[in-house]
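Participant: Take the sequence shown: its position 395, counting from 1, is numbered 395 in full-length UniProt numbering, and each next residue is one higher. Backbone N, C-alpha and C fix where the C-beta goes; we use that ideal spot for every residue, glycine too. From a predicted model like this one, the values you see are computed outputs, not experimental measurements. Take this structure first; my questions come after.
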Amino acid sequence: MQVIHNQVHDIFALSKDRFYVRLWVQKGLVRSVTLIFSDRYDLEAQKVKMDFYMNVGSFEVYTAQVQNKTPRFAYKFLIELLDGSFKIFNQFGLADTEENLYFDAFQFPYANEADIFEKPSFTEGFVVYEIFPDRFKRGKKEVHGRKLFDWDYCSWDVPGSEVFLGGDFAGIKEKIEYFKALGINAIYLTPIFKSLSSHRYNVDDYFDVDPLLGTKEEFKDLVKSLHKNGIRIILDMVFNHTGVEFFAFQDVIKNGENSKYYSWYNIKSLPVDVQKGNYETFATNVRSMPRINTSNKEVQDFFLEVLKYWLLEFDVDGFRFDVANELDKNFIRRIRRELKSIKKDILLIGEVMHRSENFLMGDMFDGVMNYFSWEVFARYLVGKYNAEDASRILADYRLKFNPVLFSCQLNLIGSHDTERVLTRLNKNKKLAMLAAVYNLTYQGIPMIYYGDEIGMEGGHDPDCRRGMIWEEEKQDKEIFKLYRRLIDLKKTSSALNSDNVKEFSIVDVLCFERKSESEVVYILFNPRKALQKVKLWSEFIVDKEIEFFSTQQKIKNHSCYIELELNPESFEIVIVR
Numbered sequence: 001m002q003v004i005h006n007q008v009h010d011i012f013a014l015s016k017d018r019f020y021v022r023l024w025v026q027k028g029l030v031r032s033v034t035l036i037f038s039d040r041y042d043l044e045a046q047k048v049k050m051d052f053y054m055n056v057g058s059f060e061v062y063t064a065q066v067q068n069k070t071p072r073f074a075y076k077f078l079i080e081l082l083d084g085s086f087k088i089f090n091q092f093g094l095a096d097t098e099e100n101l102y103f104d105a106f107q108f109p110y111a112n113e114a115d116i117f118e119k120p121s122f123t124e125g126f127v128v129y130e131i132f133p134d135r136f137k138r139g140k141k142e143v144h145g146r147k148l149f150d151w152d153y154c155s156w157d158v159p160g161s162e163v164f165l166g167g168d169f170a171g172i173k174e175k176i177e178y179f180k181a182l183g184i185n186a187i188y189l190t191p192i193f194k195s196l197s198s199h200r201y202n203v204d205d206y207f208d209v210d211p212l213l214g215t216k217e218e219f220k221d222l223v224k225s226l227h228k229n230g231i232r233i234i235l236d237m238v239f240n241h242t243g244v245e246f247f248a249f250q251d252v253i254k255n256g257e258n259s260k261y262y263s264w265y266n267i268k269s270l271p272v273d274v275q276k277g278n279y280e281t282f283a284t285n286v287r288s289m290p291r292i293n294t295s296n297k298e299v300q301d302f303f304l305e306v307l308k309y310w311l312l313e314f315d316v317d318g319f320r321f322d323v324a325n326e327l328d329k330n331f332i333r334r335i336r337r338e339l340k341s342i343k344k345d346i347l348l349i350g351e352v353m354h355r356s357e358n359f360l361m362g363d364m365f366d367g368v369m370n371y372f373s374w375e376v377f378a379r380y381l382v383g384k385y386n387a388e389d390a391s392r393i394l395a396d397y398r399l400k401f402n403p404v405l406f407s408c409q410l411n412l413i414g415s416h417d418t419e420r421v422l423t424r425l426n427k428n429k430k431l432a433m434l435a436a437v438y439n440l441t442y443q444g445i446p447m448i449y450y451g452d453e454i455g456m457e458g459g460h461d462p463d464c465r466r467g468m469i470w471e472e473e474k475q476d477k478e479i480f481k482l483y484r485r486l487i488d489l490k491k492t493s494s495a496l497n498s499d500n501v502k503e504f505s506i507v508d509v510l511c512f513e514r515k516s517e518s519e520v521v522y523i524l525f526n527p528r529k530a531l532q533k534v535k536l537w538s539e540f541i542v543d544k545e546i547e548f549f550s551t552q553q554k555i556k557n558h559s560c561y562i563e564l565e566l567n568p569e570s571f572e573i574v575i576v577r
């Protein structure tokens with residue numbers, strides 16, 4: 001019999017004396033699992049029967065949230081098999097009897113403050129809107145010192161980094177009423193700092209805004225206006241690399257090994273030559289982005305001053321860190337310690353485009369951009385995964401995390417680095433709408449890339465960065481209406497803001513169950529071209545009022561199941577209260 005309990009992924013302190021525990025047991029062999037626990041110095045144990053949570057592949061997952069007497073938590077598992085026999089599972093594995101509780105038990109030695117992850121208080125009902133500033137809205141009528149392209153430019157016969165459309169702070173401020181109509185309550189701005197490029201990921205001055213966007217006074221006014229309207233703001237910080245005009249890199253170019261900043265970079269040969277790119281860069285020889293050494297304490301000190309400046313002077317609400325997976329992990333931990341001591345509710349998001357377990361242990365980021373889960377769902381939409389495989393992969397990944405922390409993952413279906421969702425799905429509007437439903441109902445913080453809510457198209461960078469479409473006759477109103485309704489549901493549903501989710505499948509229909517104390521929500525997806533008839537069985541729907549999102553019809557249900565017909569390429573959200 002296979003039994004798994006990983007002390008990195010399956011035990012979490014929720015408070016000083018409250019713990020969340022998981023156990024994975026081979027499917028089909030177990031009648032019950034009991035958690036036995038105590039302070040390791042107090043052998044008077046408590047016993048709690050664990051809840052069967054869900055099936056994941058060939059395993060049954062059992063969970064328990066328990067109150068201990070102290071922050072010291074010693075525990076083991078008593079497993080009852082189907083034949084009535086019992087097994088003990090402790091840190092040495094399976095046994096028929098236990099030699100010594102003190103030495104044999106799993107140990108959470110002490111729940112210190114650093115072990116307890118607290119998500120920012122404002123993240124419930126939180127919906128983020130990503131803006132690429134140059135391409136969102138041109139507010140100023142006149143711009144000096146920079147050639148601007150036509151707003152609908154998309155031929156890309158000029159490198160995208162050299163294409164400026166002139167979006168600015170004034171344009172963003174003009175659209176606050178649009179944000180309110182859509183329902184979002186946070187915006188995430190890609191870099192706003194002084195730079196030679198329109199994307200501004202090669203920063204030349206971290207303490208100043210790009211003059212094409214406006215002034216620091218205008219940015220401060222924008223932040224105040226957003227806050228006044230209940231909208232928070234997240235800034236994009238680029239600490240993996242700098243621009244070539246950044247003062248430290250210019251000093252290295254001028255002084256070589258004699259530069260006080262020489263150790264900030266990995267210089268391969270001298271003299272430094274931007275045309276040759278004889279230094280370590282972002283990605284592969286991106287000469288305009290010399291990579292900076294974030295293991296260097298002086299570099300860390302400098303960037304921490306940058307963060308504190310924008311936090312204290314402009315009252316921003318969060319930071320997203322570019323290429324976060326390449327930053328020194330001790331630097332990330334230092335960022336968390338120092339910023340949370342200034343503003344406890346600051347939101348820290350890392351750009352990690354792969355599995356991110358080692359970045360989300362509660363000591364670095366609050367969350368990452370959840371590309372992984374979206375990739376699984378996208379492959380399900382286009383038929384590369386069936387519903388059973390998609391549900392298994394999604395659940396297996398999610399169950400590597402503290403459930404509270406997973407609620408801070410920044411879910412997305414597109415960004416400035418990817419082709420737009422409608423383009424990726426071969427312009428299939430119905431599938432793009434299913435993607436929106438996933439984004440706004442799965443556990444985590446949904447992020448909407450500007451324009452996806454009106455059906456904008458665009459291939460890979462730079463085509464995904466076209467100017468926002470403001471002509472109403474060119475906007476897809478059906479998609480916009482769906483986004484507004486989904487955002488409203490996300491903001492008002494206690495179930496969609498809980499840490500409780502289950503992924504499962506019924507035939508080839510992928511389903512999510514979201515549950516709170518007062519509400520259960522089921523989300524069902526049918527991306528196939530055939531009608532699917534399904535029975536949704538649940539103990540939570542008996543004698544309950546049920547509302548169907550698609551029709552807004554309400555019924556009183558008395559059975560333990562409901563029958564649903566899902567049209568081709570459609571979804572349903574079943575709300576149980």
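Can you give the beta carbon distance from Ala105 to Ala74, rounded, assuming they're within the 8 Å contact cut?
Facilitator: Correct: roughly 4 Å between the Cβ atoms.
Participant: So, under 8 Å CB-CB, Ala395 and Val56 are touching, yes? Tell me the CB distance rounded to an integer number of Å.
Facilitator: At roughly 5 Å, the Cβ-Cβ gap stays under 8 Å, so Ala395 and Val56 are in contact.
Participant: For the ligand NAD, any of its heavy atoms closer than 7 Å to the Cβ of Leu82?
Facilitator: The ligand NAD is not part of this structure, which contains no ligands at all.
Participant: Measure the C-alpha to C-alpha separation of Val238 and Ile292 and round it to an integer number of angstroms.
Facilitator: C-alpha separation (whole angstroms): 10 Å.
Participant: In this structure, how does DSSP classify Leu441 when only helix, strand and coil are distinguished?
Facilitator: A small fix is needed here, since residue 441 is Thr in this sequence, not Leu. Correct three-state label for Thr441: helix.
Participant: Can you list, in chain order, the stretches of the alpha helix (DSSP H) that have 4 or more residues and sit fully within the region 307 to 383?
Facilitator: Counting only runs of 4 or more, we get 329 to 342, 371 to 381.
Participant: First and last residue of the alpha helix (DSSP H) that includes Arg392?
Facilitator: Element bounds for Arg392: 387 to 398.
Participant: Where are the beta strand (DSSP E) runs, 3 residues long or more, that stay fully inside the region 119 to 172, in chain order?
Facilitator: Here the runs fully enclosed are 128 to 131.
Participant: Roughly how many angstroms lie between the CA atoms of residue 604 and Asp476, to the nearest whole one?
Facilitator: Outside the displayed span of the chain (1 to 577) sits residue 604, for which this structure offers no information.
Participant: Going by DSSP, what residues sit across from Lys430 in a beta bridge?
Facilitator: According to DSSP, which records beta bridges pairwise, Lys430 is partnered with nothing at all.
Participant: If you reduce the DSSP assignment to three classes, tell me which class Thr418 lands in.
Facilitator: Residue state, collapsed to three classes: coil.
Participant: So, helix, strand or coil for Tyr178, using DSSP?
Facilitator: Helix at Tyr178.
Participant: By Cβ distance, which residues of its chain are closer than 7 Å to Glu44, with the 5 residues on each side in sequence left out?
Facilitator: Around Glu44: Ser38.
Participant: State buried or exposed for Arg200, treating a residue as buried only when at least 16 other CB atoms are found within 10 Å of its CB.
Facilitator: The residue is buried, with at least 16 neighbouring Cβ atoms inside 10 Å.
Participant: Mind listing, in chain order, the continuous beta strand (DSSP E) runs of no fewer than 3 residues lying wholly within the region 472 to 538?
Facilitator: Listed in chain order, they are 501 to 506, 509 to 515, 520 to 526, 532 to 537.
Participant: Relative to the C-alpha of Lys194, which residue among Gly243, Phe149, Asn229, Val223 is closest?
Facilitator: Closest option to Lys194, Cα to Cα, is Gly243.
Participant: Which partner residues of Ser32 appear in the DSSP bridge assignment?
Facilitator: Note: Ser32 sits in a beta bridge opposite Glu80.
Participant: Is the distance from the Cβ of Val534 to the Cβ of Ser493 below 8 Å?
Facilitator: No, these two residues do not count as a Cβ contact at 8 Å.
Participant: Cα-Cα, which of Ala324, Val286, Asn426, Ser263 is closest to Asn296?
Facilitator: Closest option to Asn296, Cα to Cα, is Ser263.
Participant: What are the boundary residues of the beta strand (DSSP E) that includes Val252?
Facilitator: No beta strand (DSSP E) holds Val252; the alpha helix (DSSP H) holding it covers 247 to 255.
Participant: Of all the options Gly166, Leu312, Glu503, Lys429, which has the alpha carbon lying nearest to the alpha carbon of Phe136?
Facilitator: Out of Gly166, Leu312, Glu503, Lys429, Gly166 has the C-alpha closest to the C-alpha of Phe136.
Participant: Are Gly362 and Ile349 closer than 8 Å when you measure CB to CB?
Facilitator: Taking 8 Å as the Cβ cut-off, Gly362 and Ile349 do not qualify as a contacting pair.
Participant: Going by CA-CA distance only, name the one from Glu473, Phe319, Asp150 that's closest to Met364.
Facilitator: The option with the nearest alpha carbon to Met364 is Phe319.
Participant: With a 10 Å radius around its C-beta and 16 neighbouring C-beta atoms as the bar for buried, classify Glu113 as buried or exposed.
Facilitator: Looking at its Cβ environment, which holds fewer than 16 other Cβ atoms inside 10 Å, Glu113 is exposed.
Participant: Just to confirm my understanding: we take Lys140, look at its own chain, exclude 5 residues before and 5 after, and list those with CB closer than 7 Å. What are they?
Facilitator: For Lys140, where only same-chain residues beyond five positions count, the Cβ hits under 7 Å are Asp168, Ala170.
Participant: For my contact list, Leu536 and Phe525 are in at a C-beta cut-off of 8 Å; report their separation, rounded to the angstrom.
Facilitator: Not a contact, Cβ separation roughly 13 Å.
Participant: From the DSSP output, in three-state form, read off Gln67 for me.
Facilitator: It is a strand residue.
Participant: Ends of the alpha helix (DSSP H) at residue 582?
Facilitator: This structure cannot settle anything about residue 582, because the visible part of the chain is limited to 1 through 577.
Participant: Express the C-alpha separation of Phe207 and Lys344 in angstroms, rounding to a whole number.
Facilitator: Each residue's Cα considered, the two are about 23 Å apart.
Participant: For Ala95, which of helix, strand or coil comes out of DSSP?
Facilitator: The answer is strand: DSSP assigns Ala95 an E or B state.
Participant: Among Leu482, Asp301, Lys502, whose alpha-carbon lies nearest the alpha-carbon of Ser570?
Facilitator: It is Leu482.
Participant: How about the region 378 to 385 and the region 429 to 438: do they share at least three Cβ pairs that are nearer than 8 Å?
Facilitator: Yes: at least three Cβ pairs fall under 8 Å.
Participant: Helix, strand or coil for Lys577? Go by DSSP, reduced to three states.
Facilitator: In the sequence as displayed, the identity of residue 577 is Arg instead of Lys. Looking at Arg577 - three-state DSSP - the assignment turns out to be coil, as it is neither helix nor strand.
Participant: Pull up the distance between the alpha-carbon of Asn370 and that of Val352, whole angstroms please.
Facilitator: Whole-angstrom Cα-Cα distance: 8 Å.
Participant: Return the residue from the list Lys173, Trp156, Phe149 that minimises the CA-CA distance to Phe164.
Facilitator: Comparing Cα-Cα distances from Phe164 to each of Lys173, Trp156, Phe149, the minimum goes to Phe149.
Participant: Hey, would you say Asn411 sits closer than 8 Å to Tyr442, going by beta carbons?
Facilitator: For Asn411 and Tyr442, yes; Cβs fall inside 8 Å.
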